[in-house]
Structures are given as C-alpha cells and as structure tokens.
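Heads up: the sequence lines are chains A and B, in that order.
Per our numbering: the first sequence = residues 1 to 286.
Per our numbering: the second sequence = residues 287 to 548.
Beta carbons: idealized from backbone N, C-alpha and C, even for Gly.
Model, not experiment: these values are computed from the prediction.
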Amino acid sequence: MASVADPLPVRRMPEMFYRHALVTRITHWINALAITFLIGTGLNIFNAHPALYWGQYGADDDDAKRWLEIGSADTPGGQAYGFLRIGELKITTTGVLGISKGANGAPSAIGYPSWATFPSQRDLATARNWHFFFAWVLILNGLLYLVWSTISGHIRRDLLPRLKELSPANIAHDIWTHARLKFPKGEEAKRYHILQKLSYGGTVFVLIPLVIFTGLTMSPAIDAAWPWLVSLFGGRQSARSIHWVAANLIMVFIIVHILMVVLAGPYNEIRSMITGRFRIDPEKAK
Amino acid sequence: MTILSRRKLFSAGGVAAGGLLLAGCDNLTKSDSVGKIVRSAEGATKRWQRLVSDRNALAREFTTADMSPIFKANGTTDPQEAEYLQHVDEKFANWRLKVDGLVNTPLSLSIADLNSLPQRTQITRHDCVEGWSAIGQWRGAQLGPILKAANLKTNARFIVFHCADNYGGEVSKGGAQSTSIYYESVDLIDAFHPQTILATGMNGAALTVAHGAPVRLRVERQIGYKQAKYIMRIEAVDSFAGIGSGNGGYWEDRGYEWYAGI
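Here it is as structure tokens:
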C-alpha cells in the first residue's frame with residue numbers, strides 16, 4: 001500500500017486522436033452493409049448458373065469458353081462429390097462447393113452453400129431484387145464518399161501514396177512490420193502506411209468501380225446505351241467473369257481488413273469508426 | 287466500468303448481433319414493407335436506364351462468325367397442350383396470331399401474313415436471367431408496324447403476349463411453383479423499338495418448337511424471360527389487372543422484375 005508521501009508515478013496519458021470524419025464513418029458502415037448483402041445475393045445469383053465463360057457468349061454447350069465451374073458429379077463407385085474446376089485444375093470441394101448441407105440439413109447439389117447465400121435457399125428472384133437495391137445503395141453512397149473526400153482533401157491527404165512511400169525499401173519495410181504484427185504507436189499511428197493506402201485505395205478506386213462497371217455491362221439495356229462498355233471488357237461473359245474475380249478480391253480485402261482490426265485492437269479500431277476517436281498510446285520512453 | 291469489461295461486453299454484443307443477423311436475414315425477405323423498399327430499386331433502374339438511353343438505341347448486332355454454335359433452348363421447349371400439338375401436326379397452317387384488346391382494328395394474322403410483311407434480320411445476344419448468354423440470328427416482322435395497323439386506342443399503355451405453353455418452371459420463393467400459361471408484356475417504348483420483332487425465323491431456318499415456334503418475341507434490350515415463345519395472342523391493355531396475378535408476366539408473378547433491362 002502506497003503512503004501519501006510517495007510521489008505519484010509519472011504516467012504519460014494516451015491521446016484520444018480524432019481519426020475519422022463523420023462522413024467517412026457513415027459511408028463506411030453503409031458501404032459495409034451494402035457489400036455484405038451484395039456478396040450474399042451475388043452468391044445466390046451465381047448459383048443459378050455456377051460457371052464462368054470468357055468472351056461475348058457462353059452457355060451449357062460452350063465448353064471451350066468455360067474457364068470455371070462449380071458442380072457435382074459421381075465417382076465411378078457412385079459416390080456424389082462436389083468440385084471446383086478452374087481451367088485444367090479440378091479440386092474436390094464436397095461439403096462447401098458443389099454439394100453442401102442445405103437449410104434443412106440434407107446434402108444438396110448447389111454451387112455455394114446455403115450459409116453463404118442470401119436468401120439461404122435458392123431464390124434467384126429475391127436475390128436479384130436485393131442485389132439491385134443494394135447496388136443502388138453502393139453507388140449513391142460511393143458517390144457521396146467520393147465527392148466529400150475529394151472536397152475535404154481526405155483522398156489527397158490520407159489515401160494518396162507519396163512518391164517516396166512507393167519506394168521498394170519502404171514497401172518492404174511495411175511488409176516486415178506487418179509480418180511481425182508491430183502496429184505503429186505515437187505520431188506514426190496518426191497516418192496510413194503504404195500497405196494500408198494501397199489496399200484501401202485499391203478497393204475504393206479500383207475494385208469497387210470494377211464491380212460496378214462489370215455489373216452494368218451485364219445489363220442488356222446499358223449495353224445498347226453504352227456499347228463501349230462491352231468492348232472495354234471484351235464481352236458480356238468476360239464482364240461477368242471479371243465481376244466475379246473483383247468480388248472475390250473484395251472478399252479477400254474484407255477478410256484481411258477484419259483480421260487486421262482484430263489484431264490491432266478491435267475495441268479501439270471499431271470505436272474509431274463509430275465515434276471517430278482513436279486512442280493512441282504514447283511511444284515508450286527510450 | 288473498466289476497459290476490459292466494456293471490451294468483453296462489446297465482443298459479446300458483436301457475437302449476439304451476428305447470430306441475430308444470420309437468423310433474421312431470411313425473415314427480412316418475408317416482410318412486405320421491407321420488400322416494398324427493396325422493390326423500389328426496379329423503378330429507379332428503369333427510369334435511370336431510360337434516361338441514359340436513346341429511345342431507339344440499338345442492341346449490338348453481331349456477324350454470323352460471332353454466333354453460338356449451339357443456342358441453348360430454355361424454359362418450355364416442348365409444349366404438350368392439345369391445341370398447340372394440333373398446330374404442330376398441321377405445321378401451323380391454321381394458326382392465327384390475334385391482335386386485340388385496346389385496338390381499333392383487331393387483326394388475325396397467319397404465318398404467311400407475318401412473313402409477307404417487311405422482315406428484319408438481326409444477330410443479337412440473348413441474356414438469360416440465370417447468367418448465360420447465347421448469340422443467334424432472328425428474322426421476323428417488326429412489332430411496331432403491326433401495332434400501327436391494329437391502330438392502338440389512346441389509352442393503350444402495355445402490350446401483352448399470351449403464349450400457348452403451360453409452364454411449371456423452377457421452384458422459387460421457397461415453395462412449389464404453380465403451373466400456368468406463360469405470358470409477358472412490354473411498354474410502348476419497347477414495343478415500337480426497331481429491333482422488337484415477332485421472330486418466325488432463327489439461324490437461317492424457320493423457328494423450331496424448342497425455340498418458340500411459330501412466333502417468338504425479340505425485345506433485345508431486356509433479359510431472356512421477356513422473349514416470350516409460342517405467342518398466340520397480342521393484347522393491348524392499360525393495366526395488368528386481371529391478367530395472371532397482375533404483375534405483367536409469368537416470372538413477374540413469381541417475384542422477378544417486370545423491367546428486365548438488367
């Protein structure tokens with residue numbers, strides 16, 4: 001028990017740093033909601049024809065154009081199995097892709113499993129209704145974010161990589177600090193580092209515009225209005241393939257993003273995206 | 287309250303919210319008010335697509351070299367209705383396309399009548415709602431001049447296509463599909479579009495039964511389910527009330543968008 005005579009221990013207080021502006025926080029959560037539903041409904045829509053083609057057209061008989069498929073087949077012994085085929089590569093995926101437990105618990109021959117799709121059962125009509133609704137949310141929310149972030153300087157100040165940050169040495173250094181799960185402290189925690197800038201910027205300015213424009217290219221009405229879109233992506237079926245690839249890369253981003261939030265301290269990270277305030281611990285005195 | 291317990295509360299709350307979300311998600315699709323909000327996207331999409339499109343903007347037309355080697359036949363491919371089977375037996379000699387409803391001059395057209403009208407041939411891409419596409423060549427009379435000949439009444443707003451086939455269809459909305467006569471509809475913008483034709487020919491031959499003989503609609507800026515096959519009657523209407531379940535088409539009655547430009 002310390003006596004009153006003891007001096008108070010010198011303790012540097014953590015700083016509450018205002019990290020995310022209100023518009024950033026609101027658009028972040030609307031975006032998160034929209035993308036969650038877009039992925040769930042997108043997987044349900046994909047299940048209506050779980051194959052991808054390259055070019056202008058592609059259907060059941062166009063084997064030469066089909067580069068990816070999820071399906072089910074029987075072994076010579078009559079055992080049903082699920083598979084994912086990409087080009088020449090065929091992987092058995094029973095339980096997850098091709099054959100999985102349906103909503104009622106019985107095995108069902110379906111592309112993506114029930115737990116990953118919205119709605120959980122095969123329902124192309126509802127999945128399309130919801131996909132297009134949240135596509136509108138994604139686009140309008142994204143436009144609000146882009147306009148505000150350009151005017152406020154958020155993009156230039158926080159997201160645009162500086163030339164010297166793009167040096168291989170700096171990128172290598174950032175990969176090394178990430179690999180050791182060393183998160184920046186003090187002043188260094190107030191800005192994004194190069195891997196963050198590249199992954200946030202790549203998602204916001206490359207992947208999301210890519211899913212939006214490849215999505216629009218699948219619309220026959222838009223193809224008549226803007227024929228250059230179809231030419232840009234090399235055909236409607238190519239656009240559908242790119243839509244799937246971009247959506248998968250967005251899913252990879254989300255997984256890594258959530259993982260980093262958990263590792264860096266989920267309470268502080270999530271609070272900063274709700275209230276804006278991010279707690280920064282002082283650097284240890286050397 | 288300490289940071290630690292707040293943190294625990296936070297995590298527990300997150301797990302609980304996640305669980306509720308998964309369980310609640312499917313229930314969202316059963317709510318009428320949520321459904322109404324979600325379905326509002328269809329009107330927004332239609333208005334926006336029409337805004338950025340020229341009314342007569344053409345769907346891309348391809349060359350014979352671009353055509354699918356095999357054009358997938360989908361939906362009904364072999365109707366078993368007695369009336370239709372008799373037309374097949376008679377090689378559609380006694381088949382007549384009726385054009386009626388809100389018109390001043392009802393028409394009754396034979397295959398020969400349709401083939402004697404100026405023909406349009408177009409090689410276009412067909413996009414199924416499931417995701418696949420096929421490119422094929424279609425030949426037929428434009429719908430616009432036929433509607434002009436029938437002289438639409440001023441209150442006509444939609445053109446409904448009544449088909450010969452009873453369609454079972456896939457299971458949707460978590461329940462069994464009831465069987466009923468296929469039908470479709472478009473508004474006057476699409477009805478009078480230059481590429482909207484009543485196709486009697488496909489890939490250089492007469493339309494086959496699998497692809498909708500004797501007559502199939504081509505409405506090239508919309509998805510495959512709008513391309514009604516086995517057309518028996520064209521009706522001009524001012525609303526869909528009293529036709530099917532009142533949503534303007536077989537699939538529309540089963541939850542799909544009436545405006546299928548996307």
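Neighbour list for residue i in chain A, Cβ cutoff strictly below 8 Å
i: B:GLU416; result: ALA48, HIS49 and LEU124
i: B:LYS358; result: ALA59, ASP60 and ASP61
i: B:GLY547; result: SER219, PRO220, ALA221 and ILE222
i: B:PRO355; result: ASP61 and ASP62
i: B:VAL324; result: ASN129, TRP130 and PHE133
i: B:ILE509; result: PRO220
8 Å Cβ cutoff, residue i in contact with chain B
i: A:ASN141; result: no
i: A:ALA109; result: no
i: A:LYS286; result: In this prediction, A:LYS286 scores a pLDDT of 46, lower than 50, which makes its location untrustworthy; the coordinate-derived value is nonetheless stated afterwards. Output row for A:LYS286: interface = no.
i: A:SER272; result: no
i: A:TRP148; result: no
i: A:SER299; result: This structure leaves residue 299 of chain A out entirely; chain A is present only between 1 and 286.
i: A:VAL230; result: yes
i: A:PRO227; result: yes
i: A:ARG240; result: yes
Under 8 Å between C-beta atoms of residue i and residue j
i: A:ARG22; j: A:GLY276; result: This sequence places Leu at residue 22 of chain A; Arg is not what is there. Cβ distance < 8 Å, so A:LEU22 and A:GLY276 count as in contact.
i: B:LEU438; j: B:VAL472; result: no
i: A:LEU143; j: A:GLY201; result: no
i: A:THR94; j: A:GLY82; result: yes
i: A:ALA225; j: B:VAL415; result: no
i: B:LEU367; j: B:ASN452; result: One point to set straight first is that residue 367 of chain B is Glu, not Leu, in the sequence displayed. Yes, Cβ-Cβ distance for B:GLU367 and B:ASN452 is below 8 Å.
i: A:LEU68; j: A:ILE91; result: no
i: B:PRO480; j: B:TRP381; result: no
i: B:LYS358; j: B:TRP424; result: no
i: B:ILE421; j: B:LEU433; result: no
i: A:ASN44; j: A:ALA127; result: yes
i: A:LEU210; j: A:PRO161; result: no
i: A:HIS154; j: A:THR27; result: no
i: A:GLY58; j: A:LYS65; result: yes
i: B:THR349; j: B:ILE548; result: no
i: A:LEU84; j: A:LEU97; result: yes
i: A:PHE132; j: A:GLY40; result: no
Anticipated Cβ contact below 8 Å, residue i with residue j, distance rounded
i: A:SER120; j: A:ALA103; result: 5 Å
i: B:ALA485; j: B:ARG507; result: In fact, because the Cβ distance is near 15 Å, the residues do not count as touching under 8 Å.
i: A:GLN56; j: B:ASP524; result: That belief does not hold up - the Cβ atoms of A:GLN56 and B:ASP524 are roughly 39 Å apart, past 8 Å.
i: B:TYR511; j: B:ALA546; result: 6 Å
i: B:TYR469; j: B:THR362; result: Not a contact, Cβ separation roughly 12 Å.
i: B:ALA427; j: B:TYR516; result: About 17 Å; that fails the 8 Å criterion.
i: A:LEU38; j: A:LEU146; result: At roughly 18 Å, the Cβ-Cβ gap does not stay under 8 Å, so A:LEU38 and A:LEU146 are not in contact.
i: B:ALA345; j: B:THR410; result: 5 Å
i: A:ILE250; j: A:LEU207; result: 5 Å
i: B:ILE520; j: B:LEU400; result: Incorrect: roughly 11 Å between the Cβ atoms, too far for contact.
Contact list for residue i against chain B, beta-carbon separation under 8 Å
i: A:GLY98; result: Here the premise fails: no neighbours, minimum Cβ distance about 17 Å.
i: A:GLN56; result: PHE348, ASP352, ARG411, SER419 and ILE421
Under 9 Å by beta carbon: chain A residues contacting residue i
i: B:TYR542; result: LEU124, ALA125, ARG128 and ASN129
i: B:THR440; result: Those within 9 Å of B:THR440 in chain A number zero; the least Cβ separation is about 27 Å.
i: B:ASP312; result: ALA103, PHE118, PRO119, SER120 and GLN121
i: B:GLN281; result: Past the boundaries of the shown model lies residue 281 of chain B; chain B is included only from 287 to 548, so the question cannot be answered.
CB contact below 8 Å: residue i versus chain A
i: B:GLU506; result: yes
i: B:TYR536; result: no
i: B:ALA361; result: Reading off the sequence shown, one finds Gly at residue 361 of chain B, where the question assumed Ala. B:GLY361 does not count as touching chain A.
i: B:GLY460; result: Because the pLDDT of B:GLY460 is 45, which lies under 50, any placement of that residue in the model is unreliable, and the question is left without a value.
i: B:THR331; result: yes
i: B:ASP539; result: no
i: B:ILE445; result: no
i: B:VAL338; result: yes
i: B:CYS449; result: no
i: B:THR315; result: yes
i: B:ALA496; result: no
7 Å Cβ cut-off: residues of chain B touching residue i
i: A:GLN237; result: SER419
i: A:TRP136; result: ALA327 and ALA330
Within chain A, the residues that residue i reaches when beta carbons sit closer than 7 Å
i: B:ALA345; result: PRO220, ASP223 and ALA224
Inter-stretch contact at 8 Å, needing at least 3 Cβ pairs: the stretch 236 to 250 of chain A / the stretch 434 to 454 of chain B: no
Three CB pairs or more closer than 8 Å across the stretch 412 to 430 of chain B and the stretch 45 to 58 of chain A: yes
The stretch 393 to 406 of chain B in contact with the stretch 523 to 542 of chain B per 3-pair CB rule at 8 Å: no
Given 8 Å, three or more beta-carbon pairs between the stretch 331 to 351 of chain B and the stretch 216 to 224 of chain A: yes
Touch test, the stretch 181 to 191 of chain A against the stretch 265 to 281 of chain A, Cβ-Cβ under 8 Å, three pairs minimum: yes
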